[in-house]
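Novice: Sequence lines, in order, name chains A and B. Each residue of the first sequence is one higher than the one before, counting from 10 in my numbering. Each residue of the second sequence is one higher than the one before, counting from 65 in my numbering. Backbone N, C-alpha and C fix where the C-beta goes; we use that ideal spot for every residue, glycine too. This is the structure I want to talk about, given as structure tokens.
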Amino acid sequence: MSQTHSIAVEFKRVMKSFGAKRVLNDVSFHIEHGRALCLLGRSGTGKSVTLKLIMALMRPDSGEVWVDRDNVVGLGEQQLSLVRKKLGYLFQDGALFDSLTLYQNLAFPLSRVTRKPKDEIDDVVNRVLTDVGLGADGAKYPSALSGGMKKRAGLARALVFEPKILLADEPSSGLDRITASEIDELLMRRKAEHGTALIIVTHDVHGARKIADEVAVLDKGNVVAFGSVDEVSQSENDVARRLITE
Amino acid sequence: MKRQEWRRHVRWLSRFFEFAGKVGLFSLQVLVDSLTPPFEFVQFTRQLAEVGNRSLALIIVSGFALGAVMTFHTRSTLVMFGATAMIPAVQSVAFFVEIGPLVAGLLLAGRVGSGIGAVLANMRATEQIDAVESLSIDSFKFLVVPRVLACVIALPFLTLFMDFAGLLGGFLSEELSSHIAPTLYLNRAFDYLQWSNFIAPTLKTAIFGFIIGCVSSYFGYTTDKGAQGVGEAATNSVVVSSLLIILADVLLIKCIFFLFPDTAI
């Protein structure tokens, strides 16, 4: 059950419903390692669900979700744990653990999941925090961080395992244009320096134009347009065209 | 009209059984996960401190006040029969057999149950539970199992504190009225108390702890209503755990009477 190409994530005819509402309807797409894919679409079209299916936080009703070389749909908890180490997830509001400091938020998964000694964990945490511009804020609790800092902190935590694939759920939502651009820069730098594949759910077309190698537009449970930003902006699908151009 | 009412009752019953089944499966998973490695010792000790230490003051003050008040009431009745010498025995039997375990369970359902429900529901609403999973950590084992085990272990000890605080409150109240000596009060208090009056009722609170831990974790961990779900989880945790504790108490008393017939006075 393994694939031997450079595909980072692939959806094959994935369906997902919540009660009577079908959120994803026969969705197929793929993204290769080292590339950036932005998922665009109106609210409630299943973009965040797509990310959760990749991370196997939800299971599809049918279809296959390939991450690197594994179809995560059929995996047990132990195998999933290995797959998840290849993935980083930046949640919409950071999802930082309230009761832990910023430093502890990053050190906690490393001490739990790896066998790294404390010195090495210190090095990794300090390096990642410095990378996202929070080197001096390790002792702060999440409640003391601004919206932009929370996003950076969430990104830092998503990067502690050096993931091959980074999933970001609306990384620029609720941020001013300058802070949003800084987050975009961090994501682009990650891709350029480490070859990390990026899958970004966003409403920010400005950011998508900057980051995306490919854009997928979801509407009514289907991928209605897929391609480069220029290709999608000339799509025959009205929703896709308007999302990119308006 | 009758048919509509009948349908409503059937719907209510099916919802009740669905809920009971889900909580049952949730509790079964707690049992299985608590017996399979890896064990979350650090998280368990942290929760034990949260459940035990932080509830201690509430338990002791409540027990003391309840003991004092009960002695006031018992005295006013027993004095009519010239049986005031029985006050310490009544006090100890009542506290060790029933009042201590039940009140400690209900108090913990209020303080700890609502806390567990609200914390887990908040973690669910803010995607912190998803974040735990995304970091390759089993969220159920990490967040739920230590909380339930902490309740199971802490409640029998808290019950003991409640029992002795009640006895102390009773003694001080009686000392003010009759100037009874501490040794005489203790001798009279433990004259009628057997080990079976003490051990079985204290241990039954471990089951109360399991109920509090499982029910409140269930409401918190499985909520899907965002911020509104946090309040609902806290309220439901207290109401359902308290109700189940009272029902379990009835069943457990029957079991204790069956296992220790001497205690069924």
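Excluding five sequence neighbours on each side, which residues of the same chain lie with their C-beta closer than 7 Å to the C-beta of residue 10 (chain A)?
Specialist: To locate residue 10 (chain A), count along the first sequence from 1; it is residue 1. Because residue 10 (chain A) sits at a pLDDT of 42, beneath the cut-off of 50, its placement in the model cannot be relied upon, and the point is left open.
Novice: Secondary structure at residue 161 (chain B), three-state DSSP: helix, strand or coil?
Specialist: Position 97 of the second sequence holds residue 161 (chain B). Helix.
Novice: With the cut-off set at 8 Å, would you say residue 306 (chain B) and residue 199 (chain B) are in Cβ contact?
Specialist: Translated into positions along the second sequence, residue 306 (chain B) becomes position 242. Translated into positions along the second sequence, residue 199 (chain B) becomes position 135. No, the pair does not count as a contact, with Cβ atoms beyond the cut-off.
Novice: Among the residues of its own chain, which have a CB less than 6 Å from the CB of residue 225 (chain B), if the five just before and after it don't count?
Specialist: Here residue 225 (chain B) is taken as the residue at index 161 of the second sequence, counted from 1. If we look at residue 225 (chain B) and ignore the five residues flanking it on each side, its Cβ neighbours are 123, 124.
Novice: Going by the beta-carbon positions, is the gap between residue 119 (chain A) and residue 130 (chain A) smaller than 8 Å?
Specialist: For this step, residue 119 (chain A) is matched to residue 110 along the first sequence. For this step, residue 130 (chain A) is matched to residue 121 along the first sequence. It is a contact, given that the beta carbons lie within the stated cut-off.
Novice: Let me make sure I understand the geometry here. Which of A:160, A:187, A:190, A:238 has the alpha-carbon closest to that of residue 176 (chain A)?
Specialist: Working through the first sequence from its first residue, we reach residue 176 (chain A) at position 167. Per the Cα distances, A:160.
Novice: Anything in the region 111 to 122 of chain A with a Cβ closer than 7 Å to a Cβ of chain B? List those residues in chain order, please.
Specialist: Those would be 118, 121, 122, in chain order.
Novice: CB residue 51 (chain A) to CB residue 35 (chain A), shorter than 8 Å?
Specialist: Along the first sequence, one-based indexing puts residue 51 (chain A) at 42. Along the first sequence, one-based indexing puts residue 35 (chain A) at 26. Not in contact: residue 51 (chain A) and residue 35 (chain A) (Cβ atoms no closer than 8 Å).
Novice: Interface residues of chain B around residue 66 (chain A) at Cβ under 8 Å?
Specialist: Locating residue 66 (chain A) in the first sequence gives position 57, counting from the first residue. Result: 194, 197, 198.
Novice: Residue 147 (chain A) to residue 114 (chain A), Cα distance in whole Å?
Specialist: Start at 1 with the first residue of the first sequence, and residue 147 (chain A) comes out as number 138. Start at 1 with the first residue of the first sequence, and residue 114 (chain A) comes out as number 105. Rounded to the nearest angstrom, the two C-alpha atoms are 9 Å apart.
Novice: So what does residue 98 (chain A) bridge to, in DSSP terms?
Specialist: If you number the first sequence from 1, residue 98 (chain A) lands on position 89. DSSP, once it has assigned bridges, lists A:176 as partnering residue 98 (chain A).
Novice: Starting from the N-terminal side, write out each stretch of the alpha helix (DSSP H) that is 4 residues or longer and does not extend beyond the region 168 to 246 of chain B.
Specialist: You should have 178 to 189, 192 to 198, 209 to 242.
Novice: Closer than 7 Å by beta-carbon distance: list the chain B residues that pair up with residue 90 (chain A), in chain order.
Specialist: Taking the first residue of the first sequence as position 1, residue 90 (chain A) is located at position 81. Correct list: 200.
Novice: At which residue ranges does the region 42 to 93 of chain A contain complete beta strand (DSSP E) runs of 3 or more residues, listed in the order of the chain?
Specialist: Those beta strand (DSSP E) runs which fall completely within the region 42 to 93 of chain A and span 3+ residues are 45 to 50, 71 to 76.
Novice: What does residue 114 (chain B) reach in chain A if we use C-beta pairs closer than 9 Å?
Specialist: Residue mapping note: residue 114 (chain B) aligns to position 50 of the second sequence, counting from 1. Here the premise fails: no neighbours, minimum Cβ distance about 10 Å.
Novice: So, using beta-carbon positions, are residue 119 (chain B) and residue 166 (chain B) closer together than 8 Å?
Specialist: To locate residue 119 (chain B), count along the second sequence from 1; it is residue 55. To locate residue 166 (chain B), count along the second sequence from 1; it is residue 102. No, these two residues do not count as a Cβ contact at 8 Å.
Novice: What in chain A is Cβ-close to residue 190 (chain B), meaning under 7 Å?
Specialist: Start at 1 with the first residue of the second sequence, and residue 190 (chain B) comes out as number 126. Within 7 Å Cβ-Cβ: 102, 104.
Novice: Measuring alpha carbon to alpha carbon, tell me which of A:231, A:198, A:102, A:245 ends up nearest residue 221 (chain A).
Specialist: Here residue 221 (chain A) corresponds to residue number 212 of the first sequence, with the count starting at 1. It is A:198.
Novice: Under 7 Å Cβ-Cβ, which residues of chain B neighbour residue 93 (chain A)?
Specialist: Position 84 of the first sequence, counted from the first residue, corresponds to residue 93 (chain A). Per Cβ cutoff of 7 Å: 198, 200.
Novice: Under the three-state reduction of DSSP, which class applies to residue 103 (chain B): helix, strand or coil?
Specialist: As a first step, residue 103 (chain B) is located in the second sequence; it is residue number 39 there, counting from the start. Note: residue 103 (chain B) maps to coil in three-state DSSP.
Novice: Across which residues does DSSP place residue 16 (chain A) in a beta bridge pair?
Specialist: Here residue 16 (chain A) is taken as the residue at index 7 of the first sequence, counted from 1. A:41.
Novice: Could you check the C-alpha separation between residue 60 (chain A) and residue 127 (chain B) for me, to the nearest Å?
Specialist: If you number the first sequence from 1, residue 60 (chain A) lands on position 51. If you number the second sequence from 1, residue 127 (chain B) lands on position 63. Between residue 60 (chain A) and residue 127 (chain B), the C-alpha separation is close to 52 Å.
Novice: Strictly under 8 Å for the Cβ-Cβ distance: is residue 98 (chain A) near chain B by that measure?
Specialist: As a working note, residue 98 (chain A) is residue 89 in the first sequence. Yes - at least one Cβ of chain B is within 8 Å of the one on residue 98 (chain A).
Novice: Below 9 Å on C-beta distance, what does residue 171 (chain A) contact in chain B?
Specialist: As a first step, residue 171 (chain A) is located in the first sequence; it is residue number 162 there, counting from the start. Within 9 Å Cβ-Cβ: nothing; residue 171 (chain A) doesn't reach chain B, min ~13 Å.
Novice: Does residue 395 (chain B) pass the burial test, meaning 16 or more other C-beta atoms within 10 Å, or should it be called exposed?
Specialist: It is not possible to answer for residue 395 (chain B), since the shown part of chain B is limited to 65 through 329.
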